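The structure appears below as structure tokens.
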Amino acid sequence: MAATKGLAEQLPPLSPQEALVEANRCLFCYDAPCTHACPTHIDIPRFIKKISTDNLIGSARTILEANLLGATCARVCPVQELCEGACVLGHDHNPIMIGRLQRYAMDHVSGKDVVKRAPQNGRSVAVIGSGPAGLSCAGELARRGHSVTIFEKRPLGGGLSTYGIIALREPIEASLEEVRMIESLGVHIETGAELGLNLTLEDLRKRFDAIFLSPGLGATQVMGIPGEELIVDGLDYIEQSKLNPSGMCIGRNVLVIGAGNTAIDCATVAKRLGADQVTMIYRRSEHEMSAYPHEYDFVKKEGVEFRFLTQPVRVLSDGGRVTGLACVHMELGEPDSSGRRSAQPAGNGEFVIPADQIVKAVGQQKPPLAQMLGLEVDRGFIKVNTDLETSLTGVFAGGDCIRAKNSASTVMAVQDGKLAAAAIHLRLNTGNTNG
Amino acid sequence: MADLSINFAGIRSPNPFWLASAPPANSGAQIHRAFEAGWGGAVWKTIGPPVLNVSNRYGAWHHGGQRMLGINNVELISDRPLDVNLREIADVKRAWPDRAVLVSAMVESKPESWHDIIRQIEDTGADGIELNYGCPHGMSERGMGAAVGQVPEYCEQITRWVMEAAHIPVIVKLTPNITNIVSPARAAVAAGANALSLINTLNSITGVDLDTLEISPNIGGKGGHGGYAGPAVKPIALNMLAALGSDDVVHGSRLPISAMGGITTWKDAAEFLLLGASSLQVCTAVMHYGYRIVEDLCDGLSNWMDAKGFRTIPEVTARSLGRISDFKDLDLSFRAVARIDSRKCIQCNLCYVACNDTAHQCIDLIDAKGNLVQPYSYAVSSNGKQEATETRPNPRVREVDCVGCRLCYNICPVDQCISMVEVPSGREPVTWDQLVKSRPEVTEDWEAMEKYRREAGIHVH
Ligand SMILES: Cc1cc2nc3c(=O)[nH]c(=O)nc-3n(C[C@H](O)[C@H](O)[C@H](O)COP(=O)(O)OP(=O)(O)OC[C@H]3O[C@@H](n4cnc5c(N)ncnc54)[C@H](O)[C@@H]3O)c2cc1C
Ligand SMILES: Cc1cc2nc3c(=O)[nH]c(=O)nc-3n(C[C@H](O)[C@H](O)[C@H](O)COP(=O)(O)O)c2cc1C
Ligand code: SF4
Ligand code: SF4
Ligand code: SF4
């Protein structure tokens with residue numbers, strides 16, 4: 001099908017020859033900066049050296065020791081900002097392709113269960129949400145011998161790796177294989193189970209020795225403009241492109257509201273699946289965009305256009321069909337709380353950008369569970385201490401739901417899950433359990 | 436422009452580069468093409484008694500993604516009929532009067548056999564003869580090649596037989612598979628040879644196949660030692676060349692030396708010249724890249740000679756030989772320390788770990804504020820390109836403690852980032868030889884040594 005081809009995984013796997021040449025290029029730095037830059041601190045020179053010596057199992061185990069979701073991270077990490085960005089060979093603008101080497105090693109063990117686990121120790125932990133944070137925490141606990149149940153509201157596990165990361169970067173199969181790998185460690189995943197709907201915290205605290213909350217964020221924020229109900233939700237848009245690309249409705253002239261990484265992904269999907277013209281609408285300027293520079297460059301090369309300093313005010317439609325977006329020009333003011341310069345209307349009236357489909361990707365809502373469970377919050381995100389424990393003893397949290405600062409990413413969520421698992425393990429082993 | 440031509444024991448060639456006696460010099464058609472590419476000469480693949488070769492006869496040692504840093508072979512001498520080789524030699528010489536056409540030979544250790552082959556070679560019009568006393572496998576099992584080269588008396592005897600019959604220059608090619616390369620060289624000198632060449636290949640086994648547990652390369656389930664050559668043997672070849680130049684008898688004989696063993700670039704070539712070679716032979720590099728490499732061998736050498744003001748090859752030959760020294764004559768007071776150019780340093784910290792785990796623990800990691808830091812001292816929560824690169828410490832040598840061993844210099848991946856800087860030691864120059872003469876007790880008694888060190892101000896930690 002022509003449509004799905006458009007979203008085929010962008011980077012092909014490295015061939016054995018390419019991997020060998022690249023692995024041999026790595027200097028095997030001591031106390032390597034790439035390892036420092038990786039939020040999970042994978043011993044990168046060690047796993048790369050093992051590729052060069054043809055010890056692929058050892059290489060994959062090195063990765064998994066620090067990061068159980070090494071296969072997803074290899075594909076989705078913004079490596080330019082992390083490991084590869086810190087590679088000493090970057091001085092020559094030619095850093096080691098760490099992400100692709102990691103994928104090479106992880107692909108080798110796909111379907112094989114190479115992580116060892118300790119015998120069951122009789123403790124049990126509940127994890128809410130099967131995204132990267134939840135899977136990482138569950139897997140780390142399981143390999144230490146705890147019995148873990150993940151409660152997931154959606155039909156498939158994997159969180160945004162399954163539903164939110166465009167197939168160009170990670171095909172759904174890769175995410176589901178990782179879910180299967182975590183299950184193979186003895187983790188039980190109960191789908192269709194939603195905390196706050198068919199599960200209560202009291203019940204969970206009775207049944208389990210500790211709880212880890214990793215529900216991610218909420219739905220896309222409401223903009224509050226007339227006609228918003230005709231706008232397609234960006235997360236749904238991406239989800240459909242992964243689950244049912246051929247059944248998807250793609251406009252010919254698509255507007256994407258927002259300029260973060262999700263917005264860029266929506267624009268990419270539209271362009272790849274057949275839109276003639278895709279324009280991103282952002283109320284501030286190029287400099288305030290939250291998208292990574294490499295993502296911005298990528299989407300420009302895809303032929304996506306940009307309208308900066310443009311604020312939507314109204315959706316125009318004809319008989320339920322979108323015809324355009326009324327906008328106003330903006331101008332930049334003083335830096336706001338996030339340090340970015342705010343934007344105010346320039347006061348020179350409305351103008352219309354014609355369109356037959358409008359997608360919004362203007363950020364997700366703060367985690368709804370925070371309020372629902374009466375947890376202490378930090379700017380709307382769940383507040384945790386250095387052990388990632390919430391204001392409720394024995395209830396820990398990690399992933400996007402605690403990311404009050406800095407940009408949320410898969411690898412940060414994985415690291416949270418890992419650190420929380422270590423803290424939970426310590427807590428359960430020293431006996432001071434869920435009070 | 437430098438004049439690259441040579442006159443080697445009376446054999447003239449437009450440049451010093453000859454194909455070594457080996458597969459690239461196996462047939463007339465090949466050598467025609469080599470000469471077209473610019474080779475100054477060729478030593479024909481060794482001719483002699485009938486042989487049969489086997490498959491999988493070339494093994495290789497690869498390292499770090501680089502192919503064939505060493506080649507290993509169990510190839511015998513030419514497996515083409517003698518008369519075919521002789522006819523082609525004559526054709527090539529006729530077609531290329533200005534090039535050096537030499538013929539390598541190896542026959543049974545009988546005077547008649549050697550006399551016959553010398554006569555046959557001379558009938559072709561060839562410019563010279565090279566005696567192959569080096570083949571370390573197969574032929575040696577039949578009493579030829581290294582079986583001769585390893586016994587100086589045999590070398591001398593056979594060379595005498597050859598010299599009785601020869602009218603053209605005779606080169607004795609030495610095997611490196613011997614404890615002291617000087618002994619067979621002296622034997623060749625004593626027998627009246629006109630020139631020497633070295634090195635032939637070294638005994639070697641390249642590896643074992645980890646799937647099949649067979650020897651690699653696998654020859655019908657078996658394998659064995661073969662002759663080793665290529666870049667990996669260059670330092671061994673240079674040492675043997677220098678050993679000949681440093682020997683009074685061999686040096687005094689003034690026999691020219693045709694050197695080989697790992698020559699791949701013009702730089703290698705220049706080094707062999709500087710340590711005493713007058714002609715150069717190449718095999719492995721041609722096997723790897725083809726005849727075309729001669730262009731840069733000549734071009735690079737010529738440009739270097741121009742830059743250095745050398746006009747002819749003889750001006751280069753043996754220029755550095757005088758600097759070869761025994762340990763006992765080195766200046767113990769010479770002091771150098773490592774210095775890191777922080778502008779070039781990429782902070783791989785390989786020097787740090789090398790000095791710390793091996794050498795003298797005198798490279799420190801210093802953060803941006805000038806504080807000493809330990810490796811891996813960042814917090815688990817620290818991550819990202821910015822933090823990793825901005826907080827990364829710089830390696831710095833504590834010069835007072837540096838013994839100048841040169842390990843860091845050797846492993847630093849950045850060219851000219853670490854330099855070994857000569858610094859005054861504050862001590863009078865003294866060699867071990869001089870020291871032993873003035874204070875013989877230091878060689879036997881650690882206390883006497885300590886006393887001397889204190890006096891001289893030599894700190895070892
Ligand atoms: C479109 C998009 C693209 C992205 N691309 C990248 C990228 O390329 N690289 C990158 O590093 N990061 C990317 N991210 C961010 C990354 O996906 C997230 O940071 C990461 O998934 C966070 O993991 P998590 O486990 O905290 O949450 P999620 O992945 O959101 O998982 C939360 C899970 O909890 C479940 N859940 C929620 N509430 C409940 C409940 N009450 N009861 C039971 N289950 C519940 C959800 O169904 C979900 O499965 C992207 C995000 C988006 C939206
Ligand atoms: C495959 C192979 C076959 C060789 N055959 C001969 C030979 O027949 N006669 C000989 O004198 N040397 C032979 N040699 C040795 C070369 O002439 C030369 O001495 C040696 O390879 C070192 O030079 P290099 O490092 O440039 O290869 C052979 C070497 C190789 C690799
Ligand atoms: S910084 Fe680059 S070269 Fe050094 S270990 Fe990491 S990947 Fe290898
Ligand atoms: S080895 Fe060289 S580049 Fe690496 S840290 Fe040391 S001085 Fe710098
Ligand atoms: S020369 Fe040797 S002792 Fe000195 S800094 Fe380098 S490795 Fe250390």
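Protein chains in written order, with our numbering: chain B, 1 to 435; chain E, 436 to 896. Backbone N, C-alpha and C define an ideal beta-carbon position, used for all residues, glycine too. Please read all numbers here as calculations on a predicted model, not as lab measurements.
Item to complete: With a 10 Å radius around its C-beta and 16 neighbouring C-beta atoms as the bar for buried, classify E:ARG831 as buried or exposed.
Response: buried
Worksheet item: In its own chain, which residues sit with a C-beta less than 6 Å from the C-beta of B:LEU217, not counting the 5 before and 5 after it?
Response: GLN364, PRO367 and ASP400
Practice prompt. Pick out whichever of E:MET579, E:SER688, E:ALA704 and E:PRO485 has its Cα sitting closest to the Cα of E:ALA694.
Written response: E:ALA704
Discussion item. Quick check on B:ASP31 - is its C-beta less than 7 Å from some C-beta in chain E?
Written reply: yes
Discussion item. Suppose the cutoff is 7 Å on Cβ atoms and the five residues either side in sequence are ignored; what does the same chain contact list for B:ASN121 look like?
Written reply: GLY145 and HIS146
Discussion item. Comparing C-alpha positions only, which one of B:GLU228, B:ALA60 and B:ILE42 sits nearest to B:VAL359?
Written reply: B:GLU228
Worksheet item: Who does E:ASN567 pair with in a DSSP beta bridge?
Response: E:LYS608
Worksheet item: Which residue comes first and which comes last in the beta strand (DSSP E) that contains B:ALA334?
Response: The sequence given here has Glu at residue 334 of chain B, not Ala. B:GLU334 -> beta strand (DSSP E) spans 321-335.
Worksheet item: Using the beta-carbon of each residue, which ones in chain B are nearer than 8 Å to E:SER411?
Response: Any property of residue 411 of chain E remains undetermined from this structure, which presents chain E solely from 436 to 896.
Worksheet item: Is the shortest distance between the beta-carbon of B:HIS188 and the beta-carbons of chain E less than 7 Å?
Response: no
Practice prompt. With DSSP as the reference, label E:TYR787 as helix, strand or coil.
Written response: helix
Discussion item. So B:PRO16 contacts chain E; which residues on that side make the cut at Cβ distance below 9 Å?
Written reply: Simply none; closest approach about 12 Å.
Practice prompt. Following the continuous alpha helix (DSSP H) through E:VAL597, name the residue where it begins and the one where it ends.
Written response: 587-600
Discussion item. Please tell me whether B:ASN434 has its Cβ less than 7 Å away from any Cβ of chain E.
Written reply: Confidence at B:ASN434 is low in this model, with a pLDDT of 44, below 50, so the placement of that residue is unreliable and no value is reported for it.
Worksheet entry | At least three beta-carbon pairs within less than 8 Å, the region 373-381 of chain B to the region 263-273 of chain B | no
Worksheet entry | Option nearest E:CYS843 by Cα separation, candidates E:PRO587, E:TYR811, E:CYS570 and E:ALA789 | E:ALA789
Item to complete: Return the chain-ordered list of same chain residues with a C-beta closer than 7 Å to the C-beta of B:ILE165, the five sequence neighbours on each side being excluded.
Response: VAL76
Worksheet entry | Proximal chain B residues relative to E:GLY499, where beta-carbon distance stays under 9 Å | ASN24 and SER52
Worksheet entry | Neighbouring residues, chain B, relative to E:ALA823 (Cβ below 7 Å) | PRO33, HIS36, ALA37 and ALA86
Practice prompt. May I ask whether a heavy atom of ligand 5 can be found less than 6 Å away from the beta carbon of E:LEU842?
Written response: yes
Fill in: Three-state secondary structure (DSSP) of E:LYS743
helix
Discussion item. Closer than 6 Å to a non-hydrogen atom of ligand 4 - does that hold for the CB of B:CYS34?
Written reply: no
Item to complete: Leaving out five residues on either side along the sequence, give the residues of the same chain with a beta carbon under 8 Å from the beta carbon of E:GLY627.
Response: THR594, ARG595 and MET598
Worksheet item: Would the region 500-508 of chain E and the region 448-456 of chain E be scored as touching if the rule is three or more Cβ pairs under 8 Å?
Response: no
Worksheet entry | Short Cβ contact (7 Å threshold) for E:VAL858 with E:ARG770 | yes
Discussion item. Quick check on this structure: which residue in B:LEU419, B:GLU9, B:ASP387 and B:VAL362 has the alpha carbon closest to the alpha carbon of B:PRO171?
Written reply: B:GLU9
Worksheet entry | C-beta neighbour in chain B for E:GLU486, strict 7 Å | Reading the sequence as shown, one finds Val at residue 486 of chain E and not Glu. False, the Cβ-Cβ gap to chain B never drops below 7 Å.
Discussion item. Taking beta-carbon pairs under 7 Å, can you tell me which members of the region 75-103 of chain B lie near chain E?
Written reply: GLU81, LEU82, GLY85, ALA86, VAL88 and HIS91
Worksheet item: In chain E, which residues lie less than 7 Å from B:VAL313 when you measure between Cβ atoms?
Response: Those within 7 Å of B:VAL313 in chain E number zero; the least Cβ separation is about 37 Å.
Practice prompt. Report the rounded CA-to-CA distance for E:GLY805 versus B:ILE182, giving the unit in angstroms.
Written response: 45 Å
Worksheet item: Taking 7 Å as the CB-CB limit, is E:ILE446 close to chain B?
Response: no
Fill in: Cβ-heavy atom distance, E:GLU510 to ligand 2, below 6 Å
yes
Worksheet entry | Extent of the continuous beta strand (DSSP E) run through E:ARG447 | 446-448
Worksheet item: Mind checking whether the beta-carbon of E:PRO830 lies closer than 6 Å to any heavy atom of ligand 4?
Response: yes
Worksheet item: From what residue to what residue does the beta strand (DSSP E) around E:VAL877 run?
Response: Where E:VAL877 is concerned, there is no enclosing beta strand (DSSP E), given that its DSSP letter is neither H nor E.
Fill in: Straight-line Cα distance separating E:LEU708 from E:ARG754
8 Å
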